[in-house]
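Novice: According to our numbering, the sequence shown holds residues 47 to 271 in order. My questions all concern the structure below.
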Amino acid sequence: MQAYAIKDKGIISPVEIPEPVSGDNDVLIEVKYIGLCGSDINAFRGLMPFVNFPRIPGHEISGIIHSKGKSVSAALNVGDRVTVSPYTQCGTCPSCRQGRFNCCQFNQTLGVQRDGALTRYIAVPAEKVFTSSLLSLEELVLVEPFSVGYHGANRGQVCETDTLLLLGCGTIGMGALCAAVRKGATVIALDIDDKKLEMASKFGARYAINSTREKCPGSGNETYP
Numbered sequence: 047m048q049a050y051a052i053k054d055k056g057i058i059s060p061v062e063i064p065e066p067v068s069g070d071n072d073v074l075i076e077v078k079y080i081g082l083c084g085s086d087i088n089a090f091r092g093l094m095p096f097v098n099f100p101r102i103p104g105h106e107i108s109g110i111i112h113s114k115g116k117s118v119s120a121a122l123n124v125g126d127r128v129t130v131s132p133y134t135q136c137g138t139c140p141s142c143r144q145g146r147f148n149c150c151q152f153n154q155t156l157g158v159q160r161d162g163a164l165t166r167y168i169a170v171p172a173e174k175v176f177t178s179s180l181l182s183l184e185e186l187v188l189v190e191p192f193s194v195g196y197h198g199a200n201r202g203q204v205c206e207t208d209t210l211l212l213l214g215c216g217t218i219g220m221g222a223l224c225a226a227v228r229k230g231a232t233v234i235a236l237d238i239d240d241k242k243l244e245m246a247s248k249f250g251a252r253y254a255i256n257s258t259r260e261k262c263p264g265s266g267n268e269t270y271p
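Shown next as structure tokens:
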């Protein structure tokens, strides 16, 4: 089957690879969308120290279950729309024992230490697959980066008495915005893209500032209640 691999700094091209073989506990996903994360761009630029070439990028994924192993739960079925967690964990290192699986000493992230999802099919352990009948494929591909920002705001214990300065309204930023608004915090959103700022306002930012035209908070004597 066809995939796209970063072969060297600044070089990406189609490659032929074998179709993945899925085991009893795996789900075979037909990839429909991937997101291009900053880490993918940096890998293409040769700026990711964890990436060796050639490497198939892609860890922000949505797709449809094509088949599943015989031991996979009935909660996952052929035809389901899904996204995946792109990380692995050993379960025994200090980070894993503290529940910080994303910091596993032996983590292998899709598209970074191992080949990713810029291909037709990908086999994933069922425990890493999440389905939703409420979200479209276009929305599911945003779940992984969105959850990064959302989780960050939760870990920061943002509350209703806080004012949050959001530097950038991309997918991760919007996740942080939604978490902060849900907690009742005041959000000041900064970006250079008016469309993103408009979306930030719709999502609950009290102030939406284009930093190419307006003063940023802290650059003068302005105050934000």
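Glycine included, every Cβ here is placed at the ideal spot set by N, Cα and C.
Where does the unbroken beta strand (DSSP E) through Gly81 begin, and where does it stop?
Specialist: Where Gly81 is concerned, the enclosing beta strand (DSSP E) starts and stops at Asp72 to Gly81.
Novice: Which same chain residues, not among the five before or five after Gly69, have their C-beta less than 7 Å away from its C-beta?
Specialist: Gly115
Novice: Grouping DSSP H, G and I as helix and E and B as strand, with all else coil, what is Ser59?
Specialist: DSSP places Ser59 in strand when its eight states are reduced to three.
Novice: Would you mind working out which of Phe96, Pro95, Glu76 and Arg101 sits nearest Asp54, comparing C-alpha positions?
Specialist: Arg101
Novice: Can you look up Ile102 in the DSSP assignment and give me helix, strand or coil?
Specialist: Residue state for Ile102 is assigned as coil, using DSSP reduced to three classes.
Novice: With distances taken between CB atoms, is the gap from Val77 to Gly109 smaller than 7 Å?
Specialist: yes
Novice: For Ala199 versus Ala225, is the C-beta distance shorter than 7 Å?
Specialist: yes
Novice: Based on the DSSP secondary-structure assignment, which residues constitute the bridge partners of Pro132?
Specialist: Answer by DSSP bridge pairing: none, since Pro132 is not bridged.
Novice: Can you tell me where the beta strand (DSSP E) holding Asp237 begins and where it ends?
Specialist: Thr232 to Asp237
Novice: Once DSSP output is grouped into helix, strand and coil, what is the label at Gly109?
Specialist: Strand at Gly109.
Novice: Out of curiosity, what's the CA-to-CA distance linking Asn148 and Tyr133?
Specialist: 7 Å
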